[in-house]
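Engineer:
Protein chains in written order, with this note's numbering: chain L, 3 to 559; chain Y, 33 to 316.
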């Protein structure tokens, strides 16, 4: 055991299903002892798979998992000191409440001191330790990745350890099962923690969803695991019960002092319960931080959009700590190179509304919703819309000014500025093939002033050379504004499903994913929903081409 | 639709509805007649013959004769023994087979299920004849090994009936329960005995019912395969009737009925509550 305070450590863990689907992509994460850590992300982001790898239900394709410094990557679930609360509880319907909770205890073996005839503790060499060291020696000897020197070094230190283990006597232990009385006590205590006293004899089927949830928690914590894993445990409960259980779980965490790893797609849940939030997307970690940190300092537009309400605008850096968006110049505290394209995130509650002309920019209120403690306003600024929270009642249609404190403007580098496809090629019709679909394009752009002859060859007017570009590999790219989406699946060159959507000030940014997992990112003012099946059309003049090899390798015979 | 309309509609059609409701009840009549003629009446006749003598007077003659003739009830014991043996072997063979069939990875398109069930599509008298020839050919002829030959024939015939109910329960196996058991410290063997077995119990129960009862009463298989050397309860009843001993034959049929009823009661005990209905494992 090491003293770093880290209980679980994931090191470059990846999981690939069926050799093609990457569920978790090179995730590294350290979790401290006693922490309440939440893995947060939309469905399919890899959070549950990560949890299942910690529990041992799935084995990582690559990477290592350590628990208290010990490599548990390939340990089966029943040998790991972790317990799981399952999404749909997974209680045993053939057992009653008591037997469900006692299930783990009945299988457990605990060490007891071995006594001699006179009742004194017996001593002897630690056979388990000897066995373990011998195994390590064998492994080190056969490890082909080690250099000769390292191997010698490690072997000598292991041999020293072995000698020590063989010569020192330790108190001997033998393993025994828990007695019925001990199990009784532990079950009663667990039932007390989850507030289900006197329910031991009830059948699982006769319990409400909330009660089943509590039994599932009791069944896990009764084993006193080093880490408790919770896989969306509250998703099957109604809203009020969920809020109550959130509080109770938080209290339980404090009382038990066990490390909790909690998986959810509900950002409110994540923010209100955790010490540390891990935001995931497409199998990779986007950001790790405290709830405050994640909310106030999101490092990407994705995190900002996923956590809480936010306004996201595309902006440009126009000077030191000066950013331009919404048609105005704003002071900020982040510095980026001049003319850098950035995303600006503004939380609704950070917008200060004032008298017209007194702020950075003016806007017009187009809608107002009373939220109890304050109002939520929808404002129109030029062609952009922005959501604000304000305590003052204001009329729809009135003109107000907006300002934001510099430290409340979150500025981050723009993630994507164009779509680039590096494995495109030209087909025999002079169209560019991206992901199996042919897009009309202008191959004349590859050579200035060139023409195309009747055979489809590119002709250089100066030298008269002809180039046969059939099958030529190219890199195709186009702006995010270029693709046009349509629900007429015949209207575009390729079809796909919308898998991501972010509102950026005056337009949406969608990710359209094709069947073969190619992504088209596009900006459009029109609204689509995630899951919509759409066709993508890219106007020929907007596609830029670049040959991978020089033009000379395509000279026609 | 406005609420008024909704109320008005049934009224308008009430006559039609009444007619239709009556008519729906009439649809059951053909089957009721069938039931009366071919189930209730024969049952009454069996009971009548079982407790009367040849002249038609009430008598316990058949019962006394059955219990005092060792050759008669020893047939019953042999049948019970064969029934239990066949059921156990079928379960031992069928359980792993059903597990493999229900595994999506090993049985992607369900072709294997068809392969296992296909023998049922062949007429079973022909199938049994073929089994006899095959056993002869490999040297397990009924003349030399009547018990083994009969057992093999029975298992072969009833294995599909074991696999099907087991297969349906295993399709519904809750994997998260198995994971939970493993998570709580159960090794694979313990997961099997503490979770998989209880989960599949309804399937085991209905599989046992589907094998044990027909084996008890079948006679074609044992007759053909043991070359007449093994007489089962079914054979015995059949022989009684062909020898015009209707009273003792009927009494044996009643004994059979009682045994089946007892088996059903025992198996129902095993699957507590509505487990069978819930899991859809019961084919009875």
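Every residue gets a Cβ at the ideal spot worked out from N, C-alpha and C, and that includes glycine. All values derive from a computational prediction rather than experimental measurement.
Counting only runs of 3+ residues fully inside the segment 456-540 of chain L, write out the beta strand (DSSP E) ranges in chain order.
Structural biologist: Fully enclosed beta strand (DSSP E) runs of 3 or longer: 475-481, 486-488, 496-506, 509-516, 521-526 and 535-539.
Engineer: Among L/97, L/130, L/324 and L/410, which residue has its Cα nearest to the Cα of residue 339 of chain L?
Structural biologist: The option with the nearest alpha carbon to residue 339 of chain L is L/324.
Engineer: Let me confirm a value: residue 220 of chain Y is counted as buried when at least 16 other C-beta atoms fall within 10 Å, else exposed. Which label applies?
Structural biologist: Classification of residue 220 of chain Y: exposed, given that the 10 Å Cβ count is below 16.
Engineer: Could you check if residue 137 of chain L is buried or exposed, using at least 16 other CB atoms within 10 Å of its CB as the buried criterion?
Structural biologist: Result: exposed.
Engineer: Measure the CB-CB distance between residue 382 of chain L and residue 396 of chain L and report whether it falls below 9 Å.
Structural biologist: Against a cut-off of 9 Å, the Cβ pair of residue 396 of chain L and residue 382 of chain L comes out as no contact.
Engineer: Alpha carbon to alpha carbon, how far is residue 346 of chain L from residue 214 of chain L?
Structural biologist: If you take the alpha carbons of residue 346 of chain L and residue 214 of chain L, they lie about 45 Å apart.
Engineer: Counting pairs of Cβ atoms below 8 Å between the segment 254-267 of chain L and the segment 226-236 of chain L, do you hit three or more?
Structural biologist: The segment 254-267 of chain L, when compared against the segment 226-236 of chain L, does touch it at the 8 Å Cβ threshold.
Engineer: Taking the CB atoms as reference points, tell me whether residue 92 of chain L and residue 209 of chain Y lie closer together than 9 Å.
Structural biologist: It is a contact, given that the beta carbons lie within the stated cut-off.
Engineer: So, under 8 Å CB-CB, residue 211 of chain L and residue 192 of chain L are touching, yes? Tell me the CB distance rounded to an integer number of Å.
Structural biologist: About 19 Å; that fails the 8 Å criterion.
Engineer: Put residue 2 of chain L into one of helix, strand or coil per three-state DSSP.
Structural biologist: This structure leaves residue 2 of chain L out entirely; chain L is present only between 3 and 559.
Engineer: Going along the chain, which residues of its own chain have a beta-carbon closer than 6 Å to the beta-carbon of residue 103 of chain Y, five neighbours each way excluded?
Structural biologist: None.
Engineer: Compare the beta carbon distance of residue 512 of chain L and residue 530 of chain L with 9 Å and say whether it is the shorter of the two.
Structural biologist: Yes.
Engineer: So with CB distances below 9 Å, who are the chain Y contacts of residue 211 of chain L?
Structural biologist: Going along chain Y, no residue has its Cβ under 9 Å from residue 211 of chain L, so there is no contact; the nearest lies around 16 Å.
Engineer: Does chain L have any CB closer than 9 Å to the CB of residue 85 of chain Y?
Structural biologist: So no, residue 85 of chain Y is outside the interface.
Engineer: Buried or exposed: which applies to residue 329 of chain L, given that a residue is buried once 16 or more other Cβ atoms fall within 10 Å of its Cβ?
Structural biologist: Residue 329 of chain L should be labelled exposed.
Engineer: Would DSSP call residue 301 of chain Y helix, strand or coil?
Structural biologist: Reduced to three states, the DSSP call for residue 301 of chain Y is helix.
Engineer: Is the CB of residue 93 of chain Y under 9 Å away from at least one CB in chain L?
Structural biologist: Closer than 9 Å: no.
Engineer: Are the segment 256-270 of chain Y and the segment 231-245 of chain Y in contact at 8 Å, needing three or more beta carbon pairs?
Structural biologist: Segments in contact, no.
Engineer: For the segment 89-103 of chain Y and the segment 277-285 of chain Y, state whether three or more C-beta atom pairs, one from each stretch, are separated by less than 8 Å.
Structural biologist: Yes: at least three Cβ pairs fall under 8 Å.
Engineer: When the distance is taken between beta carbons, is residue 105 of chain L closer than 9 Å to residue 213 of chain Y?
Structural biologist: Yes; because the gap between Cβ atoms is below 9 Å, this pair is in contact.
Engineer: List in chain order: all unbroken beta strand (DSSP E) runs of 3+ residues lying wholly within the segment 201-270 of chain Y.
Structural biologist: Listed in chain order, there is nothing to give.
Engineer: Based on Cα-Cα distance, which residue from L/509, L/168 and L/447 lies nearest to residue 125 of chain L?
Structural biologist: Answer by Cα proximity: L/168.
Engineer: Using a Cβ-Cβ cutoff of 9 Å, what residues of the segment 67-99 of chain L are near chain Y? List them in chain order.
Structural biologist: Against chain Y - using a Cβ distance shorter than 9 Å - the residues of the segment 67-99 of chain L are 78, 79, 80, 81, 82, 84, 85, 86, 88, 89, 90, 91, 92, 93, 94, 95, 96 and 97.
Engineer: Since I believe residue 411 of chain L is in contact with residue 332 of chain L (beta carbons under 8 Å), could you give me their beta-carbon distance rounded to a whole number of angstroms?
Structural biologist: About 6 Å separates the two Cβ atoms, so the contact holds.
Engineer: Using a Cβ-Cβ distance cut-off of 9 Å, determine whether residue 222 of chain L contacts chain C.
Structural biologist: The question asks about chain C, but that chain is absent: this structure's protein chains are L and Y.
Engineer: Pull up the DSSP beta-bridge partners for residue 276 of chain Y, would you.
Structural biologist: None, per the DSSP bridge assignment.
Engineer: Give a yes or no on whether 9 Å exceeds the smallest Cβ distance from residue 235 of chain Y to chain L.
Structural biologist: Answer no: the Cβ-Cβ gap between residue 235 of chain Y and chain L never drops below 9 Å.
Engineer: So, at 7 Å on beta carbons, what are the nonlocal neighbours of residue 32 of chain L in its own chain, with the 5 sequence-adjacent residues on each side left out?
Structural biologist: Closer than 7 Å at Cβ, skipping near neighbours: 8 and 11.
Engineer: For residue 158 of chain Y, count neighbouring Cβ atoms within 10 angstroms of its own Cβ and tell me buried if that reaches 16, exposed if not.
Structural biologist: Classification for residue 158 of chain Y: exposed.
Engineer: Report the CB separation of residue 134 of chain Y from residue 202 of chain Y in whole angstroms; it is logged as a contact under 8 Å.
Structural biologist: Yes, they are in contact, since the Cβ atoms of residue 134 of chain Y and residue 202 of chain Y sit about 4 Å apart, within 8 Å.
Engineer: Name, in chain order, the residues that DSSP records as bridge partners for residue 31 of chain L.
Structural biologist: Note: residue 31 of chain L sits in a beta bridge opposite L/12.
Engineer: For the beta strand (DSSP E) holding residue 152 of chain L, just list the boundary residues, first then last.
Structural biologist: That residue, residue 152 of chain L, is in no beta strand (DSSP E); its alpha helix (DSSP H) goes 150-169.
Engineer: Do you know how far the Cα of residue 327 of chain L is from the Cα of residue 358 of chain L?
Structural biologist: Rounded to the nearest angstrom, the two C-alpha atoms are 19 Å apart.
Engineer: Counting only C-beta atoms, is residue 226 of chain Y closer than 9 Å to chain L at any point?
Structural biologist: By this cut-off, residue 226 of chain Y is an interface position.
Engineer: Is the Cβ of residue 110 of chain L closer than 9 Å to any Cβ of chain Y?
Structural biologist: Closer than 9 Å to some Cβ of chain Y, the Cβ of residue 110 of chain L qualifies, so yes.
Engineer: Identify the contact partners of residue 106 of chain L in chain Y, using a Cβ-Cβ distance below 7 Å as the criterion.
Structural biologist: By Cβ distance, chain Y contributes 216 and 217.
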